[in-house]
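Structure, as structure tokens:
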Amino acid sequence: MNPGPLDDAVAATFRGGSYTANTLSEATTLYRVYGGNAGKIGSYWTRTKPSGPLQSQLDSALAPQWGNSASKVVSMRVPKGTTIYEGAAASQSTGVGQILGV
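Heads up, the sequence shown is in UniProt numbering, so the first residue is 1 and it goes up one at a time.
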């Protein structure tokens, strides 16, 4: 496997460390859930509009222990020509026998 441009720690947040670099052919809306200890600004966004805190935790493999309550949603319009990195979220072990995002 050829390493991509992302740092190994970031690549590991994608299932199997596999992701795709996509240059947007049109302006695109991305969404981020936040709340609790997590703020509006952060590294992880999705093209899919969130449908609620629990579903967001499952879809994005957000461990509750991380403090992101996923109770709020922010969106941003990303301009055409921007390169984004996309892939399925890796499962996250919470250390208590619970795995999210499987």
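A virtual CB, placed ideally from N, CA and C, is assigned to each residue, including glycine.
All figures in this text were calculated on a predicted structure; none of them were measured in a lab.
Residue nearest to residue i in terms of C-alpha spacing, selected from the options
| i | options | result |
| --- | --- | --- |
| Ala88 | Arg15, Val10, Asp7 and Pro5 | Arg15 |
| Ala70 | Tyr34, Thr46, Pro50 and Tyr85 | Tyr34 |
| Pro64 | Ala21, Gln92, Arg32 and Thr20 | Gln92 |
| Asn37 | Trp66, Ile84, Tyr85 and Ala11 | Trp66 |
Presumed contact (8 Å Cβ cut-off) between residue i and residue j, rounded CB distance
| i | j | result |
| --- | --- | --- |
| Ala27 | Lys72 | Actually they do not touch by this definition, with Cβ atoms about 23 Å apart. |
Per-residue burial, residue i [other beta carbons within 10 Å of its own, 16 or more giving buried]
| i | result |
| --- | --- |
| Asn68 | buried |
| Ser60 | buried |
| Gln57 | buried |
| Gly52 | exposed |
| Leu54 | exposed |
Sub-7 Å separation of residue i and residue j beta-carbons
| i | j | result |
| --- | --- | --- |
| Leu30 | Val78 | yes |
| Ala21 | Thr83 | yes |
| Thr13 | Ala90 | yes |
| Gly17 | Ala9 | no |
Residue i versus residue j - alpha carbon distance
| i | j | result |
| --- | --- | --- |
| Lys40 | Met76 | 10 Å |
| Tyr85 | Arg47 | 12 Å |
| Pro50 | Asp7 | 27 Å |
| Arg32 | Trp45 | 5 Å |
| Gly4 | Tyr19 | 8 Å |
| Ser25 | Ser43 | 21 Å |
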